[in-house]
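K.L.:
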Amino acid sequence: MECSIFPSVRCGLEMAILNAIAVSQGSSFISMLQPQMINEEIYEKSSVKICALVDSNGTPNEVAYIASSLVEEGFTAIKLKVARRADPIQDAAVICKVRNEVGPCVELRVDANRKWTYEEAIQFGFRVKDCDLQYIEEPVENVDDIVKFCEETGLPAALDETIDNFQESHLNMLAKYTHPGIVAVVIKPSVIGGFEKAALIARWAQKHGKMAVVSAAFESGLGLSTYILFSYYLEQLNVVYTVMNREIRPSIAHGLGTYKWLKQDVTAIPLGIHYDPCKGFMGASVAGAIQLLKNFKVNNNIIHKTFNEEQVHRYHLTVNSKNFSYSIKVHEVGQESNDNVVIFLHGFLGTGEDWIPIMKAISRSAKCISIDLPGHGGSKIQNPGCKGAQEEATLSIEIVADVLYELIQGITPFKVTLVGYSMGARIALHMALRLSHKIDGAVIISGSPGLKDTTARKIRQAKDDSRADSLVAYGLELFLDSWYAGELWKSLRSHPHFKEIVASRIVHEDVQSLAKALSGLSTGSQILEAM
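Be aware that the sequence shown starts at -8, since it is given in our numbering, and climbs by one per residue.
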């Protein structure tokens, strides 16, 4: 069940639950983390060291000026983004200039976000060997090269995306990175899935003599306040390891400097981050973070709009095209008077229902309409005339595009924006190219004009024709079992709600037309060539 919750959602839930328990007990978030060490007087005097973040855009002189300005404000630790330039030599020149400008006492970290090859990282590494970097986050694109990088350059490295991508037990995976060249683990609670996992990883790092650095992913002041308290908790654990191992471990600057990047914040109470002259660094007040969480108020000055969830209106429209009549099921959310109309087109086996959560989210600024494409959901190809006409009906990108064009003409006189996924994306692309007088733009998700190679197209078309025949012969339920057994759906099969997802794909009322859609809208046909 755990993996069914998005990491950011799990983090938010843990934050809310811990705070709720704390409030019910008349206590604070930090007391939930370390109940044996509650001391309000200590909290009043405590702060967490903050590392500033610099994007590194600009010339070496410009970046060095920004860094030196942060030092003047009181920051004693700065992280700079690298691997954004044409080659690593340019990045190295920036870092050398920054070190020269800020002097030897400021902690400098750099973050490559896995954007360099091993060779590029080595180039950079040898040119900054004299810059006394605290560490380089994820210097290489291939995680298997990170230890080799440390050994080759003698430079310290830190893990970040590596732990974010762990699918298995974090501790089992971390066992590969005990090498002394890896000196830090950067932990984003909202990315790895909450404070329980974050604490587990942090304790592993501290046990192996590595820095456990909490890092924000541009959270609001509310989230940052919680991170400040979590960072303080880790610092207290760090003290325990220091005493146990009889070694000196300086306080760690945590990556919470993203607050300076926010133009506005949801919190009415500002974060208590300021220069602490007694400690000599830019710090976040622990007591201030506790009070912000206890007395949180929304900053109403930044609210531009309020929103109540829109109701979904469902109805059928009939479109007559050549010898056939199409009954199309339509799902509509948003104000009728809104001239900004967005049309959503689903993929094969989907329905307009797939888009409802997204439509509700943006319906304040647009009239949103999703459609059950012909053969899907509640849409049907009807027989207005002689018997057997439906049996002769065919579907293609061109036919469906014509039907949708007539449908849209009846819905709005204005130009529309199309959003299409997979099969729906192919239709949207065709309409955007052929009907530009009606289509204002198209968002293409996992879609293409079709396969490029002629032989590959013939093979795919033959496969889809065969699948369509099987769908008609054996029914939709058996077809779904075969369809979702394919390699394409390997990751989907591991989803905790996979069975429910497949069950939702059996709601198609016109299986004959669904089979025609599979064959006629196959990627075996290249829509650009047809045009």
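Ideal Cβ positions, reconstructed from N, Cα and C, are used throughout, including at glycine.
Per DSSP, residue 373 is paired with what?
P.N.:
Residue 373 is bridged to 316.
K.L.:
Cα-Cα, which of 506, 96, 487 is closest to residue 466?
P.N.:
Answer by Cα proximity: 506.
K.L.:
If contact is defined by three or more beta carbon pairs under 8 angstroms, each pair taking one atom from either stretch, is the stretch 329 to 342 in contact with the stretch 285 to 292?
P.N.:
No, the stretch 285 to 292 does not touch the stretch 329 to 342.
K.L.:
Would you decide whether residue 359 is buried or exposed? Buried here means 16 or more other CB atoms lie within 10 Å of its CB.
P.N.:
It counts as buried.
K.L.:
Which of the three DSSP states is assigned to residue 380 in this structure?
P.N.:
Caution applies to residue 380, whose pLDDT of 46 falls short of 50 and renders its modelled position unreliable; the value that the coordinates give is listed next. If DSSP states are grouped into helix, strand and coil, residue 380 belongs with the helices.
K.L.:
Could you give the DSSP three-state label for residue 267: helix, strand or coil?
P.N.:
Strand.
K.L.:
So what does residue 70 bridge to, in DSSP terms?
P.N.:
According to DSSP, which records beta bridges pairwise, residue 70 is partnered with 44, 100.
K.L.:
May I ask you to report which of helix, strand or coil DSSP gives residue 475?
P.N.:
Three-state DSSP puts residue 475 in coil, outside helix and strand.
K.L.:
Could you give the DSSP three-state label for residue 311: helix, strand or coil?
P.N.:
Reduced to three states, the DSSP call for residue 311 is strand.
K.L.:
Which value, in whole angstroms, describes the spacing of the CA atoms of residue 312 and residue 394?
P.N.:
Spanning the two alpha carbons is a distance of roughly 7 angstroms.
K.L.:
Quick one: give me the first and last residue of the beta strand (DSSP E) that residue 332 is part of.
P.N.:
Note, residue 332: beta strand (DSSP E), 332 to 336.
K.L.:
Expressed to the nearest angstrom, what Euclidean distance is found between the alpha-carbon atoms of residue 265 and residue 40?
P.N.:
Distance between the alpha carbons of residue 265 and residue 40 is about 10 angstroms.
K.L.:
Are at least three pairs of beta-carbons, each pair with one atom in the stretch 243 to 253 and one in the stretch 185 to 201, less than 8 angstroms apart?
P.N.:
Touching, no.
K.L.:
In three-state terms, what does DSSP make of residue 150?
P.N.:
Three-state DSSP puts residue 150 in a strand.
K.L.:
Which same chain residues end up closer than 8 angstroms to residue 442 when comparing Cβ atoms and leaving out the 5 residues on each side of it in sequence?
P.N.:
Counting only Cβ-Cβ distances below 8 angstroms, and skipping sequence neighbours, we find 448, 451, 514, 515, 517.
K.L.:
Under DSSP, the beta strand (DSSP E) around residue 125 begins and ends at which residues?
P.N.:
Segment 124 to 128, the beta strand (DSSP E) holding residue 125.
K.L.:
Using a threshold of 8 angstroms, state whether the C-beta atoms of residue 194 and residue 152 are closer than that.
P.N.:
No, these two residues do not count as a Cβ contact at 8 angstroms.
K.L.:
Given residue 23, which residues of its chain have a CB within under 7 angstroms of its CB, disregarding the five upstream and five downstream residues?
P.N.:
Excluding positions up to five away in sequence, the list reads 9, 12, 13.
K.L.:
Can you check which of these residues, 146, 136, 178, is closest to residue 154 by C-alpha distance?
P.N.:
Of the listed residues, the one whose Cα sits closest to residue 154 is 178.
K.L.:
So, do the stretch 314 to 332 and the stretch 49 to 68 have three or more beta carbon pairs nearer to each other than 8 angstroms?
P.N.:
No contact exists between the stretch 314 to 332 and the stretch 49 to 68.
K.L.:
Give me whichever residues DSSP pairs with residue 434 in a beta bridge.
P.N.:
Answer is 410, bridged to residue 434.
K.L.:
Near residue 170, which residues of its chain fall below 6 angstroms by C-beta distance, leaving aside the five closest residues on each side in sequence?
P.N.:
Closer than 6 angstroms at the Cβ level, and outside the excluded window around residue 170, lie 138.
K.L.:
Please report the residue range of the beta strand (DSSP E) in which residue 175 lies.
P.N.:
173 to 178 is the extent of the beta strand (DSSP E) around residue 175.
K.L.:
Using CA coordinates, which residue listed in 114, 121, 343, 123 is at the minimum distance from residue 131?
P.N.:
Among 114, 121, 343, 123, the Cα nearest to that of residue 131 is on 114.
K.L.:
Leaving out five residues before and five after residue 25 in sequence, what residues of the same chain have Cβ atoms less than 7 angstroms from its Cβ?
P.N.:
Cβ neighbours of residue 25 beyond the five flanking positions: 224, 227.
K.L.:
Note down, in chain order, each residue of its chain lying with its Cβ closer than 6 angstroms to the Cβ of residue 6, except the 5 sequence neighbours on either side.
P.N.:
Counting only Cβ-Cβ distances below 6 angstroms, and skipping sequence neighbours, we find 217.
K.L.:
Tell me whether residue 62 sits in a helix, a strand or coil according to DSSP, three-state version.
P.N.:
Helix.
K.L.:
Closest to residue 372 by CA distance: which of 500, 446, 445 is it?
P.N.:
That would be 500, whose Cα lies nearest to the Cα of residue 372.
K.L.:
Assuming the contact rule is C-beta atoms closer than 8 angstroms, residue 273 and residue 67 should be a hit. Round their C-beta distance to whole Å, please.
P.N.:
About 7 angstroms separates the two Cβ atoms, so the contact holds.
K.L.:
Using CA coordinates, which residue listed in 77, 511, 209, 18 is at the minimum distance from residue 387?
P.N.:
Closest option to residue 387, Cα to Cα, is 511.
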